[in-house]
Every structure is written in structure tokens, then in C-alpha cells.
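>
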Amino acid sequence: MIIIIMNVKYLFLTGIVGLLFSCTTKNTLSTKSKSISVPDKKMVDSWMNDHLELDKIVSIETTKDYVLGGIERIILHKNKLIILDRQWPSIFVVNVDNGTVETHINRKGRGPGESNIIRDIAFDDQLEQILAFNDYKKLLYFDLNGTFLKEENIDGLFENISYDNGNVIFYNVVEGRSCSPYTVSIYNLAKKSWKKLGEEKEVDFPHRGYGRLLVKSRNIWFSPKLSLDMNILHGDVIKTLFHLDVENKLSDELKEKAISDMFSFWEETREKNILYGIQSIRETKKYLMFNTNLSDFIMMDKNTLELHRAMIMEDKHLGVSLLNYFPHDGDDNRIMFVVTSNEWMRRKPYDGDDMPENLKTEIEKVKLHQDYESNPILVFYKEK
1035 MIIIIMNVKY LFLTGIVGLL FSCTTKNTLS TKSKSISVPD KKMVDSWMND
1085 HLELDKIVSI ETTKDYVLGG IERIILHKNK LIILDRQWPS IFVVNVDNGT
1135 VETHINRKGR GPGESNIIRD IAFDDQLEQI LAFNDYKKLL YFDLNGTFLK
1185 EENIDGLFEN ISYDNGNVIF YNVVEGRSCS PYTVSIYNLA KKSWKKLGEE
1235 KEVDFPHRGY GRLLVKSRNI WFSPKLSLDM NILHGDVIKT LFHLDVENKL
1285 SDELKEKAIS DMFSFWEETR EKNILYGIQS IRETKKYLMF NTNLSDFIMM
1335 DKNTLELHRA MIMEDKHLGV SLLNYFPHDG DDNRIMFVVT SNEWMRRKPY
1385 DGDDMPENLK TEIEKVKLHQ DYESNPILVF YKEK
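Here our numbering is used: the first residue of the sequence shown is 1035, the next is one more, and so on.
Here you go:
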């Protein structure tokens, strides 16, 4: 059985939400907590369908020049999606309404504005600039038209970045096999100054996980490797709001096996149902949703603290089994799934009379390429 520990002061109720952001910089809480059991994993949980409704489908344009190797980061800003392609050093700006690629940033090399690998991107919503952190420890600036503006040298190699109110958040320092997932480095763009929060603690654990480590939604959420803590960052404050307490814990022997024999490690953790990592924490007005290392996703009602855990979400209107929950950045009360073109082709269209007309229109907009595999289809749900 999995237990989630939650501080009772943080029930997200309107009258006490100010307690989240006290002046302390500690990232652990010592006050009294409340334990909540997480249900066993189901193949499908109809509760999710009952509390979410299909909102938007974005079929990303596919041409010989616009083929995504894989999505690493998606940021929603107004009617634009800013997408980092994990395979190529490419950034796409896509129109949400029709899926067309409006901008393609693809500058490979070592010169100004160029990268061999783009490790992560963020978006300055005040200046409407794309920030890209690359493998040369440079922070690159582009406008939404793809024009290269400037670059800055950064001291350190980080896995994730985010933007918040004039600051760039750098997270998870990577040095060889070890990482520092308990610290957050904040770079103020105007003052050119740095501030570090959290605990100086390295983790020697090579498994990357299946989701995003740092996600910006209503708050900036992150979960350090092997900690099972769910943290938010607000200004200069880190708060641990939740902690997953599990019966089947990751032993030191298994941690060693993760380094020496990764295949056996995966096999044993799945066989023993060992939950040791959570990623992709996204917050909407009513819910929290996140992935675990056991290839499932959990959705929590913030008011009742009710949790639901499933392998897939079935959508009868789409006729698709949704497997790939992906946490996009943006405070828009939506939850997103990625559907491949092959999954879309295998769907079983719905013939009922109760499908809303707007969803029929959204589905009809999906056009797959005839000659080669199309780019992914992004399916957005909103709270009911």
C-alpha cells in the first residue's frame, strides 16, 4: 500500500493559501501531518473521465522540414505552443488553433545562438522571449519569430530550466552520473545575480525517470530523485507539500544494481511494485496530476484529497486509449496527453449522438500525412 503524507495546513483552501509562502527557506516541514492511502493501480479509472472533459485537439503540422523526433518540453502561451524537440536541437512555435508551425529554430553548431544539444527551454512571458539552455552552458534568447537576440554564459550544467517573474530557475545540476536534485539555483536577469536554495545533497542514481522533473503550472513543482517529495518553488521559498510514503522501499542493494545491472533493476522494481520516483507534477485549479516510475499516473482532488491511479485513460469520444500524459507548462487548468499518429489511426471512432459539436470539429481537423509518419497529436482536457 502507498501512503501520501500531507501537511494539514496545506489543503489549498482559499482562506489559508497564504500559509504556503512563509518567510522560511527550509524545504522540509516538521509540523503535524495527515496520512492518506493511495488506491491500487487500475488499468482504467472512470473517475478521471467524470471530472475532465475534452477541450482541444492540436494536430501538429507535418512536412519534410517539420518532423519532431520527440517532445521534451511544451509551453502554452496564449494561442501558441513552444515545443522543444528532444532528438534535434530544434524549437517549434505552433499555432494552437490550426497546428501550423509558425517558427522553427534549428541552429546547429558552436557559434553564436547555436547548439549541439538544447537541454531545456523556458519562456519569458513578459518580454515574450524563448530562453534555451544548451550543452555549451549558454543561455540563448530568441523572439517568437525565431530571431536570435543574445546569449549569456552560465556556470554549471543543469537539466531543467524555468522562468518566473524576472528569474530563470536552473534545476538539477548534472556532473557525470551524479546529480544535485535538492537544490534550486535562481538567476535574476536584471541584476545578473545568483541565489541558491535547498540542500546540498548529491544523488548517484543513473535512472532518468519517465517524465519532467520541473513543471510550471499554477506553481513551479519539482520532486528530487528518490525522495518522493512534492515541492513547490515560490520566489525564495521551497515548500514540501506532500510526501509519498511507501511500504516497498528501494533498498541500498537495488540502488547499487541500478548502476551495475540496469535490466535486473527494472525487472525487480516492477516485480515488487517498488515506487521510488515521481515526475511531471502539474497543478490545475482543482487537481494535481503526476507520473510514477511504475508507468502510471495519479490524479488528486485538492479539496477532498481523493487520489486515483491508472495505467490509461479511455476516451469514448476519441476512441483512443490515452497512455502518454505529458505536463505542459502554463497556468491554464488543462491536462494534456500526447497521441502518436499510429495510435490515432487505430482509434475506434465514436458513433453516439451525444458528442458535442465542437469536439466533432476538433476531431475533423486532425489530418495525417499520407507519405510518412505524422507529428504527434496533442489532446487537451479541462476541468469540469
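Cβ coordinates follow ideal geometry from the N, Cα and C atoms, glycine included.
These numbers were taken from a predicted model, which means no experiment stands behind them.
Count the other C-beta atoms from every protein chain shown that fall within 10 angstroms of the C-beta of F1126, then say buried if there are 16 or more, exposed otherwise.
Start at 1 with the first residue of the sequence shown, and residue 1126 comes out as number 92. The residue in question, F1126, is buried, as its Cβ has 16 or more Cβ neighbours within 10 Å.
> For a test of the three-state rule: what should DSSP assign to K1060, helix, strand or coil?
Here residue 1060 refers to the residue found at position 26 when the sequence shown is read from its first residue. Low local confidence applies: a pLDDT of 32 at K1060 is under 50, so the model's placement there is unreliable, and no value is given.
> Quick check on this structure: which residue in L1262, N1222, I1116, L1284 has the alpha carbon closest to the alpha carbon of F1275?
Looking up residue 1275 in the sequence shown gives position 241. Looking at the sequence itself, residue 1275 is Leu, so the reference to Phe does not match. Checked all of L1262, N1222, I1116, L1284; the closest Cα to L1275 is L1262.
> Quick one, which of H1342, E1377, W1255 has its alpha-carbon nearest F1204's?
The residue labelled residue 1204 in the question sits at position 170 within the sequence shown. Considering only alpha carbons, the answer is W1255.
> Taking only runs that begin and end inside the region 1305 to 1334, name each unbroken beta strand (DSSP E) of 3 or more residues, in chain order.
Runs of the beta strand (DSSP E) inside the region 1305 to 1334: 1312 to 1317, 1321 to 1326.
> Do you know how far the Cα of E1095 is from the Cα of H1351?
Start at 1 with the first residue of the sequence shown, and residue 1351 comes out as number 317. Start at 1 with the first residue of the sequence shown, and residue 1095 comes out as number 61. Those two C-alpha atoms are separated by around 23 Å.
> Could you tell me the boundaries of the beta strand (DSSP E) in which T1395 lies?
To locate residue 1395, count along the sequence shown from 1; it is residue 361. Unbroken run through T1395 is the alpha helix (DSSP H), 1391 to 1398; no beta strand (DSSP E).
> Do you know offhand how far W1300's Cα is from S1294's?
Within the sequence shown, the letter at position 266 stands for residue 1300. Within the sequence shown, the letter at position 260 stands for residue 1294. Each residue's alpha carbon lies about 12 Å from the other.
> Just to confirm my understanding: we take E1302, look at its own chain, exclude 5 residues before and 5 after, and list those with CB closer than 8 Å. What are they?
By one-based count along the sequence shown, residue 1302 stands at place 268. Closer than 8 Å at Cβ, skipping near neighbours: L1288, K1291, I1308.
> For the alpha helix (DSSP H) that I1293 lies in, which residues bound it at each end?
For the purposes of this step, residue 1293 is taken as residue 259 along the sequence shown, with counting starting at 1. From DSSP, the alpha helix (DSSP H) with I1293 extends over 1286 to 1294.
> How about D1154 and E1106: do their beta carbons lie closer than 9 Å?
Here residue 1154 refers to the residue found at position 120 when the sequence shown is read from its first residue. Here residue 1106 refers to the residue found at position 72 when the sequence shown is read from its first residue. Result yes, Cβ atoms of D1154 and E1106 sit closer than 9 Å.
> Report yes or no: do the region 1332 to 1347 and the region 1374 to 1393 share at least 3 C-beta pairs separated by less than 8 Å?
With a cut-off of 8 Å, the region 1374 to 1393 and the region 1332 to 1347 do not count as touching, because too few Cβ pairs lie within range.
> Assuming contact is defined by CB atoms lying nearer than 9 Å, are L1178 and E1162 in contact in what I supplied?
Position 144 of the sequence shown holds residue 1178. Position 128 of the sequence shown holds residue 1162. Cβ atoms of L1178 and E1162: closer than 9 Å.
> With distance defined between alpha-carbon atoms, name the residue in L1248, K1250, F1324 nearest to L1278.
Here residue 1278 refers to the residue found at position 244 of the sequence shown. The residue with the shortest Cα to Cα distance from L1278 is F1324.
> Can you grab the Cα-Cα spacing for the pair L1248 / N1265, in whole Å?
By 1-based counting over the sequence shown, the position of residue 1248 is 214. By 1-based counting over the sequence shown, the position of residue 1265 is 231. Rounded to the nearest angstrom, the two C-alpha atoms are 10 Å apart.
> Under the rule that 16 or more other beta-carbon atoms within 10 Å means buried, what is I1091, buried or exposed?
One-based indexing of the sequence shown puts residue 1091 at position 57. Looking at its Cβ environment, which holds 16 or more other Cβ atoms inside 10 Å, I1091 is buried.
> With a CB to CB cut of under 8 Å and the five nearest residues on each side skipped, what residues in its chain are close to Y1415?
In the sequence shown, counting from the first residue as 1, residue 1415 sits at position 381. Excluding residues within five positions, the ones whose Cβ falls inside 8 Å are L1086, E1087, L1088, D1089, R1368, I1369, M1370, F1371.
> Could you check the C-alpha separation between D1387 and I1346 for me, to the nearest Å?
Counted from its first residue, the sequence shown places residue 1387 at position 353. Counted from its first residue, the sequence shown places residue 1346 at position 312. So the two alpha carbons sit approximately 25 Å from each other.
> Give the DSSP bridge partners of G1232, in chain order.
Looking up residue 1232 in the sequence shown gives position 198. Answer is T1217, bridged to G1232.
> So what does DSSP say about W1122, is it helix, strand or coil?
For the purposes of this step, residue 1122 is identified with residue 88 of the sequence shown, where counting begins at 1. Residue state, collapsed to three classes: coil.
> Out of K1399, V1354, D1363, D1366, which has the shortest C-alpha to C-alpha gap to M1379?
Counting from 1 along the sequence shown, the entry for residue 1379 is found at position 345. Ranking K1399, V1354, D1363, D1366 by Cα distance to M1379 puts V1354 first.
> T1065 by DSSP, collapsed to three states: which one?
Numbered from 1 along the sequence shown, position 31 holds the residue referred to as residue 1065. Caution is warranted here: a pLDDT of 30 is assigned to T1065, below 50, making its placement in the model unreliable, and the coordinate value is therefore given only provisionally. Three-state result, T1065: coil.
> With the cut-off set at 9 Å, would you say R1246 and F1331 are in Cβ contact?
Residue mapping note: residue 1246 aligns to position 212 of the sequence shown, counting from 1. Residue mapping note: residue 1331 aligns to position 297 of the sequence shown, counting from 1. Not in contact: R1246 and F1331 (Cβ atoms no closer than 9 Å).
> Among residues of its own chain, excluding the 5 on either side of D1079, which ones have a beta-carbon nearer than 6 Å to its beta-carbon?
By 1-based counting over the sequence shown, the position of residue 1079 is 45. Excluding residues within five positions, the ones whose Cβ falls inside 6 Å are H1342, A1344.
> Which ranges does the beta strand (DSSP E) cover as unbroken runs of at least 3 residues, wholly within the region 1351 to 1417, from first to last along the chain?
Complete beta strand (DSSP E) runs here, min 3: 1354 to 1356, 1358 to 1360, 1368 to 1373, 1411 to 1417.
> Enumerate in chain order the residues of its own chain whose CB-to-CB distance from Y1221 is below 7 Å, with the five nearest sequence positions on each side excluded.
Locating residue 1221 in the sequence shown gives position 187, where the first residue counts as 1. So the qualifying residues of the chain are N1201, V1202, F1204, W1228.
> Sort S1285, E1136, N1140 by Cα distance to R1120 and report the nearest one.
Here the question's residue 1120 lines up with position 86 in the sequence shown. For the residues S1285, E1136, N1140, the minimum Cα distance to R1120 belongs to N1140.
> Rounded to whole angstroms, what's the CA-CA distance from R1242 to Q1313? Just pull it up for me.
Against the sequence shown, residue 1242 aligns to sequence position 208. Against the sequence shown, residue 1313 aligns to sequence position 279. R1242 and Q1313: Cα-Cα distance of roughly 10 Å.
> Measure how close the beta-carbons of M1333 and M1077 come, nearest whole angstrom, since I'm counting them as under 8 Å.
For the purposes of this step, residue 1333 is taken as residue 299 along the sequence shown, with counting starting at 1. For the purposes of this step, residue 1077 is taken as residue 43 along the sequence shown, with counting starting at 1. The pair is not a contact, with the Cβ atoms about 15 Å apart (cut-off 8 Å).
> Quick check on this structure: which residue in D1405, P1240, R1381 has the alpha carbon closest to the alpha carbon of V1101?
Along the sequence shown, one-based indexing puts residue 1101 at 67. For V1101, the nearest C-alpha among the options comes from D1405.
> Residues in its own chain within less than 8 Å of K1075 by CB, not counting five upstream and five downstream?
For the purposes of this step, residue 1075 is identified with residue 41 of the sequence shown, where counting begins at 1. Cβ neighbours of K1075 beyond the five flanking positions: L1328, D1330, R1343, A1344, M1345.
> Tell me where the beta strand (DSSP E) around N1265 begins and ends.
For the purposes of this step, residue 1265 is taken as residue 231 along the sequence shown, with counting starting at 1. Unbroken beta strand (DSSP E) run through N1265: 1263 to 1268.
> I'd like to confirm the pairing. Which residues does DSSP put opposite L1088 in its beta bridges?
The residue given as residue 1088 occupies position 54 in the sequence shown. DSSP lists Y1415 as partners of L1088.
> Compare the Cα-Cα distances from S1196 to each of E1417, E1148, I1108, F1239 and report the closest residue.
On the sequence shown, position 162 is the one that residue 1196 refers to. Answer by Cα proximity: I1108.
> Which of the three DSSP states is assigned to E1095 in this structure?
Counting from one through the sequence shown, the residue named residue 1095 turns up at place 61. Coil at E1095, not helix or strand.
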